[in-house]
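For what it's worth, full-length UniProt numbering labels the leading residue of the sequence shown as 1, then goes sequentially.
Here's the structure we're looking at; comments come further down.
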Amino acid sequence: MAPPRRVLKGRNKEKQKKSDGHMEKSRDGEEKVMESDWWHSFWQRNSSSFSSNSGLAYTGNETQRFKSTFGVSRKTFDYICFLVRQDLESKPPSGLINSEGRLLTVEKQVGIALRRLASGESQVSVGESFGVGQSTVSQVTWRFIESMEERARHHLKWPDANQMEEIKVKFETIQGLPNCCGAIDATHIIMTLPSIDSSMEWHDCESNYSMVLQGIVDADMRFRDIVTGLPGSMNDSRLLRSSGFFRLCEHGERLNGPVKELPQGSQIREYIVGDTGYPLLSWLITPYQGKDLASSRVEFNSKHHATSQIAECAFSRLKGTWRFLNNVIWRPDKHKLPIIILVCCLLHNIIIDRDENLSEHIPLPGPHDAGYKRQLNQFADLQGQALRDTLSDYLLGKLPHTTT
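In structure tokens, the structure reads:
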């Protein structure tokens, strides 16, 4: 924290010490008090109400309480402040003060935004817990979102060749699937819309208004590619075909790395795995469908499910940590909501990149897309069928496991 801009003497100095703040000049040159010890003030204000909330783990030491409140550890919180500090300090809008008249520090602004995303509580409720108004919560959260969209983009990108080799090794250790580069899934972000905006385009198969999020994750549950902003009326297959990832794969510009050569002349190219809602493609492997499957196909499906389930777990962690996405969002700005979803995915990845243990983050008690039936897509590309059969034979030991 920067030192005071001027030296205070006598009683004024003592008064300043008691205020838990420091002096900083505003854009018009006027010196105002900045609140510094915001976390302890926040906890003193809210400890009793949080402790009575049985849905979240607010017991334990201060480290655990901090993570339960903001979704991240104090170390990761400080890193996020580092990312956005320049933006939050260089463009401070007027009126960002608390009920005591102190200007909000960058740390408190980040705390407000993370609390809004982690708890899913209303802006009014979050504002009351921080001693600020609803409009301040709205303003602070959006400024944080805009900054994170720009400053944290490097935490969500497709892996380079060396990273991909590591990802393949990790996927193969799950159930033996070789040359697997990722797992794909999608989830619905449910919202309410005003009557004048209740277009059937946003009306999904379960009669909710929703926006969809598609994600491809690596073996550590890190999002590597996402697409969002599209209406919930789109099923998994349409969403996939609308994505840039699909176009890149179809043009041979993605999943085009080294193939796995088998001694008998068979090859296993790079691919991702997905559930029955997706088409079987040359680069997207789905399970065998139908009743009375041969035991070999049942066994393949079991190994496939254990691998593709990584994506389901990632979405469960995402919505469990950033509960804003798991609540029904009241009349969102449909142009801003995709950016908020992106930032929640960036925060999810930052937790992983900062070596936090994802198992310590609270997953959802049920499926990430609760209330939605599993989709069924019967499209099967011939090359996809051939690759799936080769993978099945390989896993069941019908093909040698040596490589060249």
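C-beta atoms are modelled at their ideal positions from N, C-alpha and C, and glycine is treated no differently.
Notebook entry, point to check: For the beta strand (DSSP E) that contains H155, what are its first and last residues?
Noted result: Note, H155: premise wrong, no beta strand (DSSP E); not H, not E.
Checklist line | The beta strand (DSSP E) enclosing V212, as first and last residue numbers | finding: 209-217
Item checked: The alpha helix (DSSP H) enclosing F324, as first and last residue numbers -> From DSSP, F324 is part of no alpha helix (DSSP H); its letter is neither H nor E.
Notebook entry, point to check: Does the Cβ of N179 have 16 or more other Cβ atoms within 10 Å, making it buried, or fewer, making it exposed?
Noted result: buried
Check: Does DSSP put H40 in a helix, a strand or coil?
Finding: helix
Notebook entry, point to check: If R115 and T69 are in contact, beta carbons under 8 angstroms, what's the gap, nearest whole angstrom?
Noted result: 6 angstroms
Check: Hey, S282 and Q383 are a contact pair by Cβ (cut 8 angstroms); roughly how many whole angstroms apart?
Finding: 4 angstroms
Next item on the list: Classify P287 as helix, strand or coil using the three-state DSSP reduction.
Entry: coil
Next item on the list: Please go through the same chain and pick out, in chain order, the residues whose beta-carbon is closer than 6 angstroms to the beta-carbon of G133, but skip the five residues on each side of it.
Entry: G127
Next item on the list: Look up Q134 in the DSSP assignment and say whether it is helix, strand or coil.
Entry: helix
Next item on the list: Have a look at S316 and M234 and give me their C-alpha separation to the nearest angstrom.
Entry: 21 angstroms
Next item on the list: Count the other CB atoms, across all protein chains shown, that sit within 10 Å of the CB of G232; report buried if there are 16 or more and exposed otherwise.
Entry: buried
Notebook entry, point to check: Who does V273 pair with in a DSSP beta bridge?
Noted result: A183, I285
Margin query: Going by DSSP, what residue range makes up the beta strand (DSSP E) through R222?
Written below: Careful: R222 lies outside any beta strand (DSSP E) and carries neither H nor E.
Next item on the list: Compare the beta carbon distance of C249 and L284 with 9 angstroms and say whether it is the shorter of the two.
Entry: yes
Item checked: Residue environment, N162, which counts as buried when at least 16 other CB atoms sit within 10 Å -> exposed
Next item on the list: In the DSSP assignment, find the unbroken alpha helix (DSSP H) run with G384 in it and report its ends.
Entry: 382-395
Check: Taking Cβ to Cβ, would you say H305 is nearer than 9 angstroms to W322?
Finding: no
Item checked: Span separating the alpha-carbon of L293 from that of H335 -> 45 angstroms
Checklist line | Bridge-paired residues (DSSP) for Q267 | finding: E261
Next item on the list: Give the straight-line distance between the Cα atoms of K15 and L104, rounded to the nearest whole angstrom.
Entry: Residue confidence is low: K15 scores 42 on pLDDT, short of 50, so the model does not pin down where it sits. Its coordinate-derived value is still stated next. Using only the alpha carbons, I get a separation of about 19 angstroms.
Note to self: The alpha helix (DSSP H) that contains D236, what's its start and end?
What the structure shows: 236-241
Item checked: S195 vs D204 beta-carbon contact at 9 angstroms -> no
Margin query: Any contact between the segment 235-243 and the segment 258-269? By contact I mean 3 or more CB pairs, one from each, below 8 angstroms.
Written below: no
Margin query: On the CB-based measure, 16 or more other CB atoms within 10 Å of its CB, does F379 come out buried or exposed?
Written below: exposed
Check: Just how far apart, CA to CA, sit R102 and M164?
Finding: 48 angstroms
Check: Since V212 contacts T228 with CB under 8 angstroms, what's their CB separation in whole angstroms?
Finding: 7 angstroms
Item checked: Top-ranked residue by Cα proximity to L396, from L337, G111, H155, L177 -> L177
Next item on the list: Alpha carbon to alpha carbon, how far is S47 from D220? Give it in angstroms, no decimals.
Entry: 34 angstroms
Notebook entry, point to check: How many angstroms separate the CA atom of I189 from the CA atom of I329?
Noted result: 8 angstroms
Item checked: Straight-line gap, K166 to D37 (C-alpha atoms, nearest Å) -> Checking the sequence, you will find Glu at residue 166 rather than Lys. Each residue's alpha carbon lies about 43 angstroms from the other.
Next item on the list: With a floor of 3 residues, list each beta strand (DSSP E) that falls wholly inside the segment 334-380, ordered by position along the chain.
Entry: none
Notebook entry, point to check: When we look at the beta-carbon of Q374 and count the other beta-carbons within 10 Å, is it buried (16 or more) or exposed?
Noted result: Residue identity differs from the one stated: residue 374 is Arg in this sequence, not Gln. Result: exposed.
Margin query: Going by DSSP in three states, S230 sits in which element: helix, strand or coil?
Written below: First, the residue type needs correcting, since residue 230 is Leu and not Ser in the sequence shown. Here L230 sits in strand by DSSP.
Next item on the list: Please state if the CB of C345 and the CB of F324 are separated by a distance shorter than 9 angstroms.
Entry: no
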